[in-house]
Each structure stands twice: as C-alpha cells, then as structure tokens.
Amino acid sequence: MTNSATLECVTGTTLYAVPPQISSVCHQGDARDLAFLADTSIDLIVTSPPYWLRRDYGHPDQLGQEATPQAYIEALLGIMSVWVRLLRPHASVFLNIGDTYQDGFLAGIPARFELAARDAGWHVVNHIVWAKAVGRPEPVAYRLSSRHEAIFHLTRAKHAADVFFDRYALACDRAKAANPGDVWASTFTEESDDLWELHPTRSKSGHLAPFPPELARRAILLACPEHICTVCGAPHTRRLEPSADLDPTRPQAKRAMELFQQHGLTEEHLAAIRAVGISDAGKAKVIQKGSGRNTAQVQRLAAEAKAALKGYFREFTFAPKRMVGWNACGCGVPSQPGMVLDPFMGSGTTLNVARELGRRSIGVDLVLPDTQQKAD
1 MTNSATLECV
11 TGTTLYAVPP
21 QISSVCHQGD
31 ARDLAFLADT
41 SIDLIVTSPP
51 YWLRRDYGHP
61 DQLGQEATPQ
71 AYIEALLGIM
81 SVWVRLLRPH
91 ASVFLNIGDT
101 YQDGFLAGIP
111 ARFELAARDA
121 GWHVVNHIVW
131 AKAVGRPEPV
141 AYRLSSRHEA
151 IFHLTRAKHA
161 ADVFFDRYAL
171 ACDRAKAANP
181 GDVWASTFTE
191 ESDDLWELHP
201 TRSKSGHLAP
211 FPPELARRAI
221 LLACPEHICT
231 VCGAPHTRRL
241 EPSADLDPTR
251 PQAKRAMELF
261 QQHGLTEEHL
271 AAIRAVGISD
281 AGKAKVIQKG
291 SGRNTAQVQR
301 LAAEAKAALK
311 GYFREFTFAP
321 KRMVGWNACG
331 CGVPSQPGMV
341 LDPFMGSGTT
351 LNVARELGRR
361 SIGVDLVLPD
371 TQQKAD
C-alpha cells in the first residue's frame, strides 16, 4: 500500500480540470463546496463522512456535531446534493457510515440515512454490512459489543442497468469466484455478497477511524471503470464469452475436463450443454420455461455429452466465462482511467488504493493530514 505522504497535494487552489497525468490530487476544502470540479466528471465516490457525535475535530464547518440525529442526516444529505452534478450517468457512491450510542441506546443513524437518502432521490443498490473481525473492547454489561458498520452503495442512475458494476474485476483480483458462471480461480467467496468481513485499520495519522484499504479496493474494482471514453465519458465494459475450462483445483471439475477430452467432445457439445443446462431432468424439466425448446440437434449433442460425462455433466453448466476484449462506445478516441472522489478523504486511503489500481482520484478534506501538507 502506498504511504499517504506520496499523494500529490494541492492546497488552496482551484482545479477546473484534473490533468490526466496526475493520478491523485488532494484538495483542502469543504465537501459542500466542490465548484472546482466539472459536471459529470466523477465515476465513483468512496467515502466515510464523520460519524455523529463520535469526534469533535474542532473545525467550525465540520460535519458530525449537529444537535440531533435528524439534523446530522439533513446536513449529510445537503452535502451529498452537491455531488449529484459531478456524477456521470453510470456513477455510484459507496458511503460508509456508523451508528452512535446516545444515552446508552443506538441513535439508528444508518437506518435513518437509508430512508432519508431514498426520499432525497438516491437509489440504494446495496446495504453492505461491514463485519469487523476484531474491534475495540466495550466494557458494558447491558448489551453486546458493536462489531459492524454499514456501507451503502448508492446511485442517481435512471435505471439499474445503467449502473457500472464489474464483478469480474473483483473476482479476478481476489483470485476467487464472483458467482457460479462468472469466473473462477479457487472457491466461491463471500466477497460477492453484501457481507464484508474486514479488519478495521489503526491509523498513525491521527485520523479517528480510517476504513481499511480493502474496503476501498472492493468498491473501486466493482464500480469504477478501468477505461472511460475521453469524449463521451462512457465506460468500456468487458466482453466475456463462455470457456470450456473449469477450476482445476476442484476434483469434480478436474474429472469433468478429463472425461470431456477422453470422449472427444467438442465446442458444439459444450454449447449444447449450456443450452440445455440442468433443465433436462427432474423437477427442473417441469417448471423451467425453456425446457424442451432446444432444437433436435442441440438435444442430441447434449445427450451425447451427458452419456459421456454422466454426473459431471453439471460441472459444465456453470463453467466460467473468460474475458476476450472490451466493449467501447464507438467514438474511436483514446480512453483514460475512471475518476474516484473522496470528499471526506481523511488519511487518504481511497486515493492510495485508487492509484494502486490505476484509477485517477481526487480527495477533499477540511484539514489535510500532516504528511500531506506539502503543497505544490
């Protein structure tokens, strides 16, 4: 992980456009005032705003010291309203927010935020639970220790299909499967689900509770394009096709591939297997709408494959896909990496991870860490 001191920081300046050659820029300023950023210039926001009444940073413009939970939520959504003009049509926001105990009882901040965000025009794609494997001791006798926080995946996209989302990138990065039929490397993992087990990070920068780099990494891999058009801003998407390869670390898959080769099965057999799927037997044959609709040739090839593979036939119905290229917008111009924004950048975790993954990034905070005070 790159140290935050290596970030290129710009303080007290106006940035109307971020030069493509600068991978990371941090700006001292208010998350409410982002006039220096161009409209529809951001592909992803990953951030963790100050939690309500958890720490007083001593700044007159700080968020988190409002008198009531309602006032805090209103202030946060007011800040987020500024972000709307910055977002590209496919853009997402990953926002980490924690709860607060008030007079011994939970204030319900994440629940209040989720409902209020919907009312304010945000679409909630996922409510991800960050489950902490370890946490601070809480010597209280009347309740359980708190070991989880909320991460909301939000968007202003008009349709769900418009949201850029790349599970393949996360699966490849983790060298594990995103879900059956997508991609494999070893085993199915919870990382494609909305429960993320991540160790919290202890910061030496003085920031109260920076989220772990892995949190930012997952968000960026999932929701920030590797390539966007420099003219229209559309993301390039992966072109995937079915593969005959299975996961060789699984004994069942290894045996299925051996039988496939021993019996001289072909790509046509593979296509027939996937066309028929598991709907040719049992209850599935009765209830699945596509059952019996394949051509006689497809049915014949599938039957040959099933006779050769026997029970291993099913392995190929969930075989992985492989990437064969990119789908571009058609403008015929060079692309550039997507842009990540963290309006509450804190110790700079988001920017460091974005640069590590080859994305451009901008961070904003009222007070920059001491290691970042080296202005250009």
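In UniProt numbering, the protein residues as written are 1 to 376.
Quick reminder that beta carbons are idealized off the backbone N, C-alpha and C, glycines included.
| Asked | Found |
| --- | --- |
| Which value, in whole angstroms, describes the spacing of the CA atoms of residue 27 and residue 150? | 27 Å |
| Going straight from the alpha carbon of residue 245 to that of residue 196, what length do you get? | 29 Å |
| Would you verify that the beta carbon of residue 24 is, or is not, closer than 9 Å to some beta carbon of chain D? | Absent from the structure is chain D; it holds one protein chain and no more. |
| Does the stretch 295-303 touch the stretch 330-340, meaning 3 or more C-beta pairs lie closer than 8 Å? | no |
| Using DSSP with H/G/I as helix, E/B as strand and the rest coil, what is residue 383? | Outside the shown range of the chain (1 to 376) lies residue 383, about which nothing can therefore be said. |
| Spatial neighbours of residue 98 within its chain, please: C-beta separation below 6 Å, excluding the five flanking residues on both sides. | 51 and 149 |
| To the nearest angstrom, report how far apart residue 110 and residue 79 are at their CA atoms. | 16 Å |
| Is it buried or exposed for residue 342, if we count other Cβ within 10 angstroms and need 16 for buried? | buried |
| With residue 69 as the anchor, note down where its alpha helix (DSSP H) starts and where it stops. | 69-83 |
| Pick from 329, 165 and 94: whose alpha carbon is nearest that of residue 48? | 94 |
| How would you label residue 350, buried or exposed, when you count the other beta carbons within 10 angstroms and need 16 or more for buried? | buried |
| Below 9 Å between beta carbons: does that hold for residue 90 and residue 164? | yes |
| Would you identify the three-state DSSP class for residue 366, choosing helix, strand or coil? | coil |
| Apart from the five residues just before and just after residue 77, which ones in its own chain have a Cβ nearer than 7 Å to its Cβ? | 116, 117 and 120 |
| Quick check on DSSP: helix, strand or coil for residue 250? | coil |
| Compare the C-alpha of residue 82 against each of 65, 54 and 122 and name the closest. | 122 |
| Starting from residue 166, follow its DSSP beta bridges and name the residues at the other end. | According to DSSP, residue 166 bridges with nothing at all. |
| Can you tell me whether residue 311 is helix, strand or coil according to DSSP? | helix |
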